[in-house]
Amino acid sequence: MSSALSSKKLFLAFGKFVFVIVGGYVLIVALMFRSMEPTTIDVSDPDFLVLQRFFRNPPTELIDSHLLSSFSGDVEKAFSVRVTGMDTELLWQQQGVLRGDRLTPELETAVGFLDIMLDSGYVDWFPTIEEIHRDSHYVYPISIVMQGSYPDSVRLIVMRPFDDMAFFIYQKI
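One gets this note's numbering by counting positions in the sequence shown from 1 and adding 656 to each.
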């Protein structure tokens, strides 16, 4: 009788152990794959501060923003700002700023990489790929990380001087 009782206790302990392990696994997976809704940024965001330093003439007004990140490290971040008194001549004096219709091949690849996020519908206020390629837009590459010949992450500033708008975009996959 005692051997049947001890095997019953052993079986019960094993069942509890399996329940805790399986329950923990399900909880972790549920937290990782919960519905990921986009959030927004505020003026204390480090990338917003980088944009302010780039223009050297605050004030800038944050208009729209989008932030989405996943457990795997994928990031989508974009925001738009109004920059008071954006000057085309000053843009040309900034080293690395290129007009949209004169992008380098590497920058063309980086802009094409952003198509995934721009087509998502979350950033309908951001210039389209076609608009970025116009002579009325300027692009400044903050960083482009390549995996072979394909971008892994892209961080750009897109400027539209005719209405004093600047757009920041960061995508990492």
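Backbone N, C-alpha and C fix where the C-beta goes; we use that ideal spot for every residue, glycine too.
Where Leu718 and Ala766 are concerned, what is the direct C-alpha to C-alpha distance, given to the nearest angstrom? Taking the sequence shown and counting its residues from 1, the one referred to as residue 718 is at position 62. Taking the sequence shown and counting its residues from 1, the one referred to as residue 766 is at position 110. Distance between the alpha carbons of Leu718 and Ala766 is about 24 Å.
Is Val678 helix, strand or coil by DSSP? As a first step, residue 678 must be located in the sequence shown, where it is residue number 22. The answer is helix: DSSP assigns Val678 an H, G or I state.
Checklist entry - According to DSSP, what are the bridge partners of Glu717? => result Counted from its first residue, the sequence shown places residue 717 at position 61. DSSP, once it has assigned bridges, lists Arg738 as partnering Glu717.
Q. Under the rule that 16 or more other beta-carbon atoms within 10 Å means buried, what is Ile788, buried or exposed?
A. In the sequence shown, the residue the question calls residue 788 occupies position 132. Answer is buried; the Cβ neighbour count reaches 16.
In the DSSP assignment, what are the bridge partners of Arg816?
In the sequence shown, residue 816 corresponds to position 160, counting from 1. In DSSP, Arg816 forms a bridge with Met821.
**OP:** Run through the region 777 to 801 for me and flag every whole alpha helix (DSSP H) of 4 or more residues, listed as ranges in chain order.
**Re:** Those alpha helix (DSSP H) runs which fall completely within the region 777 to 801 and span 4+ residues are 785 to 788.
Beta-bridge partners of Ser725, as assigned by DSSP: Mapped onto the sequence shown, residue 725 falls at position 69. Bridge partners of Ser725: Val731.
Beta-carbon contacts of Thr696 that lie in its chain and below 6 Å, excluding the five residues immediately before and after: By one-based count along the sequence shown, residue 696 stands at place 40. Cβ neighbours of Thr696 beyond the five flanking positions: Ser721.
- Measuring CA to CA, which of Leu724, Glu764, Ile798 and Gly679 is closest to Met773? The count along the sequence shown starts at 1 and reaches residue 773 at position 117. Of the candidates Leu724, Glu764, Ile798 and Gly679, the one whose C-alpha sits nearest the C-alpha of Met773 is Leu724.
For Tyr768, count neighbouring C-beta atoms within 10 Å of its own C-beta (all shown protein chains included) and say buried if the count is 16 or more, exposed if not. By one-based count along the sequence shown, residue 768 stands at place 112. Here residue 768 is Gly; the residue named in the question, Tyr, does not match the sequence. By the neighbour-count rule (16 or more Cβ atoms within 10 Å), Gly768 is not buried but exposed.
| said: Tell me which residue opens and which closes the alpha helix (DSSP H) that Val706 is part of. | reply: As a first step, residue 706 must be located in the sequence shown, where it is residue number 50. Unbroken alpha helix (DSSP H) run through Val706: Pro702 to Phe711.
Whose C-beta lies closer than 6 Å to the C-beta of Gly671 among residues of the same chain, with five residues either side of it excluded?
Here residue 671 refers to the residue found at position 15 of the sequence shown. There are no such residues.
- Message: By the three-class DSSP mapping on this structure, what secondary structure does Val767 have?
- Response: Along the sequence shown, one-based indexing puts residue 767 at 111. Secondary structure at Val767: helix, using DSSP grouped into helix, strand and coil.
Look up Leu754 in the DSSP assignment and give the residues it is bridged to. The residue given as residue 754 occupies position 98 in the sequence shown. Per DSSP, Val795.
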